[in-house]
Amino acid sequence: MAGPITPTAVRERLDRVTDPELDRSIVALGYIESVDVDLPEVRVEFCLPTAWCSPAFAWMMATDARREVETLSGVERAVVVLTDHMHEEEITRGVNEGMSFEATFPDADGDVESVRRDLDEKALLSRQYHAVSALLDAGLTPEQVVGLTPERLNLDHVDDAAAGSAVRADGAPETPEATTVFVREGTVGITVPLESTHSYLAKARPLGVVTDGSDPLFRTPDGETLTAENFERVYHRTRLTATNMDGQGGICAYLHEARQGRRHLAEVE
1 MAGPITPTAV
11 RERLDRVTDP
21 ELDRSIVALG
31 YIESVDVDLP
41 EVRVEFCLPT
51 AWCSPAFAWM
61 MATDARREVE
71 TLSGVERAVV
81 VLTDHMHEEE
91 ITRGVNEGMS
101 FEATFPDADG
111 DVESVRRDLD
121 EKALLSRQYH
131 AVSALLDAGL
141 TPEQVVGLTP
151 ERLNLDHVDD
161 AAAGSAVRAD
171 GAPETPEATT
181 VFVREGTVGI
191 TVPLESTHSY
201 LAKARPLGVV
211 TDGSDPLFRT
221 PDGETLTAEN
231 FERVYHRTRL
241 TATNMDGQGG
251 ICAYLHEARQ
261 GRRHLAEVE
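Per full-length UniProt numbering, the sequence shown starts with residue 1, numbered consecutively.
Structure, rendered in C-alpha coordinates:
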(Lines of atoms letter the chains of each structure in order from A and count residues from 1; the text may use other names and numbers.)
(Lines give C-alpha, C1' and ligand atoms only; values in the text may rest on other atoms or scores of the structure.)
Protein backbone atom coordinates (compact mmCIF):
# COMPACT_ATOMS: atom_id res chain seq x y z
CA MET A 1 0.00 0.00 0.00
CA ALA A 2 1.36 3.40 -0.97
CA GLY A 3 2.34 5.71 1.87
CA PRO A 4 1.32 9.35 2.31
CA ILE A 5 2.63 11.89 -0.17
CA THR A 6 5.03 14.04 1.82
CA PRO A 7 7.92 16.27 0.70
CA THR A 8 10.24 13.49 1.83
CA ALA A 9 8.43 10.94 -0.34
CA VAL A 10 8.67 13.30 -3.30
CA ARG A 11 12.40 13.78 -2.75
CA GLU A 12 12.86 10.03 -2.59
CA ARG A 13 11.14 9.69 -5.95
CA LEU A 14 13.25 12.54 -7.37
CA ASP A 15 16.34 10.60 -6.32
CA ARG A 16 15.78 8.59 -9.51
CA VAL A 17 16.37 11.69 -11.63
CA THR A 18 19.96 12.34 -12.63
CA ASP A 19 21.95 15.22 -14.01
CA PRO A 20 22.55 13.67 -17.46
CA GLU A 21 26.05 15.09 -17.76
CA LEU A 22 27.19 13.78 -14.38
CA ASP A 23 24.94 10.72 -13.98
CA ARG A 24 24.26 11.65 -10.37
CA SER A 25 20.99 12.15 -8.53
CA ILE A 26 19.70 15.73 -8.57
CA VAL A 27 18.77 15.22 -4.91
CA ALA A 28 22.27 14.11 -3.93
CA LEU A 29 23.71 17.02 -5.91
CA GLY A 30 21.61 19.47 -3.92
CA TYR A 31 19.69 20.84 -6.88
CA ILE A 32 16.25 20.61 -5.25
CA GLU A 33 15.33 23.97 -3.74
CA SER A 34 11.87 23.20 -2.41
CA VAL A 35 9.02 20.70 -2.54
CA ASP A 36 5.46 21.80 -1.82
CA VAL A 37 2.68 19.22 -1.58
CA ASP A 38 -0.90 20.43 -2.05
CA LEU A 39 -2.63 17.37 -3.46
CA PRO A 40 -3.51 16.65 -6.11
CA GLU A 41 -0.65 19.01 -7.12
CA VAL A 42 3.03 18.96 -6.20
CA ARG A 43 5.39 21.85 -6.92
CA VAL A 44 9.14 21.31 -7.20
CA GLU A 45 11.72 24.09 -7.58
CA PHE A 46 15.28 23.29 -8.60
CA CYS A 47 18.43 25.28 -9.28
CA LEU A 48 21.54 24.26 -11.24
CA PRO A 49 25.21 25.09 -10.50
CA THR A 50 25.29 28.01 -12.96
CA ALA A 51 22.79 30.22 -14.76
CA TRP A 52 24.20 29.10 -18.10
CA CYS A 53 24.01 25.32 -17.71
CA SER A 54 22.94 23.69 -20.97
CA PRO A 55 19.21 24.27 -21.60
CA ALA A 56 19.03 20.75 -23.05
CA PHE A 57 20.39 19.27 -19.81
CA ALA A 58 18.06 21.44 -17.71
CA TRP A 59 15.13 20.35 -19.89
CA MET A 60 15.92 16.67 -19.38
CA MET A 61 16.07 17.08 -15.61
CA ALA A 62 12.84 19.08 -15.50
CA THR A 63 10.88 16.65 -17.69
CA ASP A 64 12.26 13.62 -15.84
CA ALA A 65 11.40 15.20 -12.48
CA ARG A 66 7.85 15.98 -13.58
CA ARG A 67 7.34 12.46 -14.89
CA GLU A 68 8.69 10.80 -11.74
CA VAL A 69 6.59 12.89 -9.36
CA GLU A 70 3.44 12.22 -11.39
CA THR A 71 3.95 8.47 -10.94
CA LEU A 72 3.21 8.87 -7.22
CA SER A 73 -0.28 7.72 -6.24
CA GLY A 74 -2.48 10.72 -5.49
CA VAL A 75 -0.49 13.19 -7.57
CA GLU A 76 -2.42 14.37 -10.60
CA ARG A 77 -0.13 17.22 -11.61
CA ALA A 78 3.49 18.07 -10.93
CA VAL A 79 4.72 21.60 -11.55
CA VAL A 80 8.50 21.81 -11.96
CA VAL A 81 10.10 25.25 -11.76
CA LEU A 82 13.68 26.02 -12.80
CA THR A 83 15.11 29.01 -10.93
CA ASP A 84 18.05 31.37 -11.51
CA HIS A 85 18.76 30.21 -15.06
CA MET A 86 19.07 32.24 -18.23
CA HIS A 87 16.30 30.13 -19.82
CA GLU A 88 14.22 29.52 -16.69
CA GLU A 89 11.01 31.00 -18.11
CA GLU A 90 11.10 29.06 -21.38
CA ILE A 91 11.98 25.76 -19.72
CA THR A 92 9.46 26.10 -16.90
CA ARG A 93 6.67 27.03 -19.28
CA GLY A 94 7.55 24.45 -21.93
CA VAL A 95 7.88 21.53 -19.53
CA ASN A 96 4.70 22.24 -17.59
CA GLU A 97 2.65 22.92 -20.71
CA GLY A 98 3.78 19.65 -22.27
CA MET A 99 5.64 21.30 -25.14
CA SER A 100 8.55 19.69 -26.94
CA PHE A 101 12.10 20.98 -26.57
CA GLU A 102 12.17 21.79 -30.28
CA ALA A 103 8.99 23.86 -30.03
CA THR A 104 10.32 25.68 -26.98
CA PHE A 105 13.73 26.33 -28.55
CA PRO A 106 13.13 26.42 -32.33
CA ASP A 107 16.65 27.71 -33.02
CA ALA A 108 18.39 24.86 -31.16
CA ASP A 109 20.70 22.58 -33.14
CA GLY A 110 19.64 18.93 -33.00
CA ASP A 111 16.99 17.27 -30.89
CA VAL A 112 17.16 16.68 -27.16
CA GLU A 113 16.65 12.91 -27.42
CA SER A 114 19.82 12.43 -29.48
CA VAL A 115 21.70 14.40 -26.83
CA ARG A 116 20.13 12.24 -24.13
CA ARG A 117 21.18 9.06 -25.93
CA ASP A 118 24.80 10.24 -26.21
CA LEU A 119 24.89 11.12 -22.51
CA ASP A 120 23.24 7.83 -21.54
CA GLU A 121 25.89 5.88 -23.44
CA LYS A 122 28.63 7.85 -21.70
CA ALA A 123 26.99 7.19 -18.33
CA LEU A 124 26.73 3.50 -19.20
CA LEU A 125 30.50 3.28 -19.74
CA SER A 126 31.11 4.91 -16.37
CA ARG A 127 28.69 2.55 -14.64
CA GLN A 128 30.26 -0.43 -16.38
CA TYR A 129 33.66 0.60 -15.03
CA HIS A 130 32.37 0.76 -11.45
CA ALA A 131 30.48 -2.54 -11.79
CA VAL A 132 33.45 -4.38 -13.29
CA SER A 133 35.81 -2.89 -10.69
CA ALA A 134 33.59 -4.17 -7.87
CA LEU A 135 33.59 -7.66 -9.39
CA LEU A 136 37.36 -7.66 -9.83
CA ASP A 137 37.85 -6.40 -6.27
CA ALA A 138 35.67 -9.28 -5.04
CA GLY A 139 38.09 -11.76 -6.59
CA LEU A 140 36.78 -12.54 -10.07
CA THR A 141 39.25 -12.64 -12.96
CA PRO A 142 38.71 -10.83 -16.29
CA GLU A 143 38.01 -14.22 -17.90
CA GLN A 144 35.27 -14.86 -15.34
CA VAL A 145 33.79 -11.37 -15.62
CA VAL A 146 33.31 -11.57 -19.39
CA GLY A 147 31.29 -14.76 -18.96
CA LEU A 148 28.75 -13.26 -16.56
CA THR A 149 25.05 -12.88 -17.37
CA PRO A 150 22.17 -11.45 -15.31
CA GLU A 151 21.02 -15.03 -14.65
CA ARG A 152 24.37 -16.02 -13.17
CA LEU A 153 24.07 -13.12 -10.74
CA ASN A 154 20.39 -13.85 -10.01
CA LEU A 155 19.47 -10.48 -11.50
CA ASP A 156 17.20 -11.54 -14.35
CA HIS A 157 14.00 -10.54 -12.46
CA VAL A 158 15.11 -7.52 -10.45
CA ASP A 159 13.85 -3.92 -10.53
CA ASP A 160 17.23 -2.23 -11.01
CA ALA A 161 15.74 1.26 -11.05
CA ALA A 162 14.35 0.67 -7.58
CA ALA A 163 17.58 -0.95 -6.41
CA GLY A 164 19.62 2.00 -7.59
CA SER A 165 17.60 4.67 -5.81
CA ALA A 166 16.29 5.53 -2.38
CA VAL A 167 12.78 4.29 -3.13
CA ARG A 168 11.47 0.87 -4.09
CA ALA A 169 8.76 0.41 -6.71
CA ASP A 170 5.36 -0.27 -5.14
CA GLY A 171 5.13 -3.93 -4.28
CA ALA A 172 8.59 -4.80 -5.58
CA PRO A 173 10.61 -7.30 -3.52
CA GLU A 174 13.79 -6.27 -1.80
CA THR A 175 16.72 -6.55 -4.15
CA PRO A 176 19.82 -8.60 -3.30
CA GLU A 177 22.90 -6.73 -2.11
CA ALA A 178 25.26 -9.60 -2.93
CA THR A 179 25.30 -13.01 -4.56
CA THR A 180 27.64 -15.95 -4.93
CA VAL A 181 29.30 -16.70 -8.26
CA PHE A 182 30.58 -20.25 -8.64
CA VAL A 183 33.75 -20.61 -10.69
CA ARG A 184 36.27 -23.34 -11.49
CA GLU A 185 33.54 -25.67 -12.68
CA GLY A 186 31.40 -24.91 -9.65
CA THR A 187 33.99 -25.88 -7.05
CA VAL A 188 34.64 -22.35 -5.73
CA GLY A 189 32.06 -19.77 -4.67
CA ILE A 190 32.92 -16.05 -4.64
CA THR A 191 30.59 -13.56 -2.96
CA VAL A 192 30.26 -10.41 -5.03
CA PRO A 193 28.51 -7.10 -4.16
CA LEU A 194 25.72 -6.04 -6.50
CA GLU A 195 25.11 -2.34 -5.88
CA SER A 196 27.21 -1.18 -8.84
CA THR A 197 25.80 -3.92 -11.06
CA HIS A 198 22.23 -2.88 -10.19
CA SER A 199 23.14 0.67 -11.20
CA TYR A 200 24.71 -0.54 -14.43
CA LEU A 201 21.71 -2.66 -15.41
CA ALA A 202 19.32 0.20 -14.63
CA LYS A 203 20.98 2.02 -17.53
CA ALA A 204 21.90 -0.97 -19.74
CA ARG A 205 18.41 -2.45 -19.94
CA PRO A 206 16.57 0.67 -21.18
CA LEU A 207 19.34 1.20 -23.75
CA GLY A 208 18.87 -2.33 -25.07
CA VAL A 209 22.40 -3.42 -24.17
CA VAL A 210 21.01 -6.18 -21.93
CA THR A 211 17.58 -7.50 -22.91
CA ASP A 212 17.54 -11.06 -21.59
CA GLY A 213 18.77 -12.94 -18.55
CA SER A 214 21.15 -14.96 -20.72
CA ASP A 215 22.71 -11.94 -22.46
CA PRO A 216 26.36 -11.13 -21.75
CA LEU A 217 26.41 -8.66 -18.87
CA PHE A 218 29.03 -6.34 -20.35
CA ARG A 219 29.93 -5.20 -23.86
CA THR A 220 32.44 -2.96 -25.59
CA PRO A 221 31.59 0.72 -26.25
CA ASP A 222 30.77 -0.33 -29.83
CA GLY A 223 28.28 -2.93 -28.65
CA GLU A 224 30.52 -5.90 -29.38
CA THR A 225 31.03 -8.88 -27.09
CA LEU A 226 33.45 -8.28 -24.24
CA THR A 227 36.18 -10.93 -24.34
CA ALA A 228 39.29 -11.77 -22.38
CA GLU A 229 41.32 -10.43 -25.32
CA ASN A 230 39.73 -6.96 -25.42
CA PHE A 231 38.99 -6.71 -21.69
CA GLU A 232 41.94 -4.51 -20.68
CA ARG A 233 41.43 -2.06 -23.56
CA VAL A 234 37.73 -1.68 -22.80
CA TYR A 235 38.36 -1.44 -19.05
CA HIS A 236 40.87 1.35 -19.65
CA ARG A 237 38.39 3.26 -21.80
CA THR A 238 35.59 2.94 -19.27
CA ARG A 239 37.94 4.09 -16.51
CA LEU A 240 38.78 7.25 -18.49
CA THR A 241 35.09 7.97 -18.96
CA ALA A 242 34.36 7.47 -15.27
CA THR A 243 37.32 9.66 -14.28
CA ASN A 244 36.21 12.46 -16.60
CA MET A 245 32.65 12.34 -15.27
CA ASP A 246 33.87 12.33 -11.67
CA GLY A 247 36.10 15.31 -12.42
CA GLN A 248 33.27 17.23 -14.04
CA GLY A 249 31.09 16.35 -11.08
CA GLY A 250 33.64 17.86 -8.71
CA ILE A 251 33.71 21.10 -10.68
CA CYS A 252 29.92 21.32 -10.73
CA ALA A 253 29.74 20.60 -7.00
CA TYR A 254 32.19 23.45 -6.32
CA LEU A 255 30.24 25.85 -8.56
CA HIS A 256 26.95 24.86 -6.94
CA GLU A 257 28.32 25.29 -3.42
CA ALA A 258 29.80 28.68 -4.30
CA ARG A 259 26.55 29.80 -5.91
CA GLN A 260 24.45 28.71 -2.96
CA GLY A 261 26.82 30.57 -0.64
CA ARG A 262 26.45 33.77 -2.65
CA ARG A 263 22.66 33.42 -2.66
CA HIS A 264 22.63 32.92 1.10
CA LEU A 265 24.72 36.05 1.65
CA ALA A 266 22.42 38.03 -0.62
CA GLU A 267 19.40 36.88 1.39
CA VAL A 268 21.08 37.86 4.67
CA GLU A 269 21.97 41.30 3.37
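For glycine and all other residues, C-beta sits at the position ideal for the given N, C-alpha and C.
Self-check item: For Phe-46, three-class secondary structure by DSSP
Solution: strand
Quiz item: Tell me, which residues are paired with Ala-78 by DSSP?
Solution: In DSSP, Ala-78 forms a bridge with Val-42.
Self-check item: With 16 other Cβ atoms within 10 Å as the buried cut-off, status of Met-86
Solution: exposed
Quiz prompt | Residues near Asp-120 in its chain [Cβ-Cβ closer than 7 Å; skip 5 each side] | solution = Lys-203, Leu-207
Practice problem: Measure from the alpha carbon of Ser-73 to the alpha carbon of each residue in Val-42, Glu-89, Asn-154, then state which is nearest. | Solution: The closest CA to that of Ser-73, considering only Val-42, Glu-89, Asn-154, is found on Val-42.
Exercise. Quick one: grab the DSSP three-state call for Thr-225.
Key: strand
Quiz prompt | Cβ shell of Asp-111 (< 8 Å), same chain only, five flanking positions each side left out | solution = Taken in chain order, the residues that qualify are Phe-101, Glu-102.
Quiz item: What number of angstroms, rounded off, separates the C-alpha of Leu-136 from the C-alpha of Thr-180?
Solution: A straight-line Cα-Cα distance of about 14 Å links Leu-136 and Thr-180.
Quiz item: Which partner residues does Pro-20 have in the DSSP bridge list?
Solution: Note: Pro-20 sits in no beta bridge, so no partner.
Self-check item: contact_flag[the segment 186–195, the segment 251–262] where n(CB pairs < 8 Å) is 3 or more
Solution: The count of Cβ pairs closer than 8 Å, one atom from the segment 186–195 and one from the segment 251–262, stays below three, leaving the stretches out of contact.
Quiz item: Should Ser-196 go down as buried or exposed, given a rule of 16 or more other Cβ atoms within 10 Å for buried?
Solution: buried
Self-check item: Segments of 4+ residues assigned as alpha helix (DSSP H) that fall wholly inside the segment 109–149
Solution: Within the segment 109–149, the complete alpha helix (DSSP H) runs of at least 4 residues are 112–138, 142–145.
Self-check item: Burial state of Phe-46 (16 or more Cβ within 10 Å)
Solution: buried
Self-check item: Exposure of Tyr-52, with buried meaning 16 or more beta-carbon neighbours within 10 Å
Solution: For the record, residue 52 in the displayed sequence is Trp; it is not Tyr. So Trp-52 ends up on the exposed side.
Quiz item: Around the C-beta of His-236, are 16 or more other C-beta atoms found within 10 angstroms, so that it is buried, or is it exposed?
Solution: exposed
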